[in-house]
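If you read the sequence shown in the numbering used here, its first letter stands for residue 26, the second for the next number, and so on.
We put the CB at the ideal spot given by N, CA and C, even for glycine.
Computed from a predicted model, the values in this text were never measured in an experiment.
Structure first, then comments.
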Amino acid sequence: MYIKMFEIRCFEEKVFELYAQNLVPGTIHLYAGEEAVAVGVCSNLRKDDYIMSTHRGHRHCIAKGAQLS
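Right under this line is the structure:
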C-alpha cells in the first residue's frame with residue numbers, strides 16, 4: 026500500500042511541476058496528503074469492480090492499478 030501511496034504522491038508532484046511551468050492548462054486539484062484514502066478504498070476492490078470519483082479521480086485510478094507510463 027505504501028508503494029501505491031508513493032506513486033500517487035510522485036504523480037502529484039509531477040503535475041504540480043508541469044503546472045508551475047505553464048504546461049498544464051486550466052487548474053489542478055492536488056490530492057497530496059490524501060493518498061491513503063484512495064489506496065485504502067481501492068485495495069479492497071476486486072479487479073472487475075468499477076470506480077467513480079470526483080475531479081480528483083486520477084488518484085483512484087492509480088490506486089486501482091492504472092499504469093503511469
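For residue 76 and residue 89, I'd like the C-alpha separation in whole angstroms.
Within the sequence shown, residue 76 is the residue found at index 51, counting from 1. Within the sequence shown, residue 89 is the residue found at index 64, counting from 1. So the alpha carbons of these two residues sit roughly 9 Å apart.
Among 56, 55, 39, 54, which residue has its Cα nearest to the Cα of residue 48?
In the sequence shown, residue 48 corresponds to position 23, counting from 1. Of the candidates 56, 55, 39, 54, the one whose C-alpha sits nearest the C-alpha of residue 48 is 39.
Consult DSSP for residue 42 and reduce its assignment to one of helix, strand or coil.
Counting from one through the sequence shown, the residue named residue 42 turns up at place 17. Three-state result, residue 42: helix.
Secondary structure at residue 72, three-state DSSP: helix, strand or coil?
Counting from one through the sequence shown, the residue named residue 72 turns up at place 47. In the structure shown, residue 72 sits in coil (DSSP, three-state: anything other than H, G, I, E or B).
Of the residues 85, 31, 54, the one placed nearest residue 74, counting alpha carbons only
Translated into positions along the sequence shown, residue 74 becomes position 49. Closest by alpha carbon: 85.
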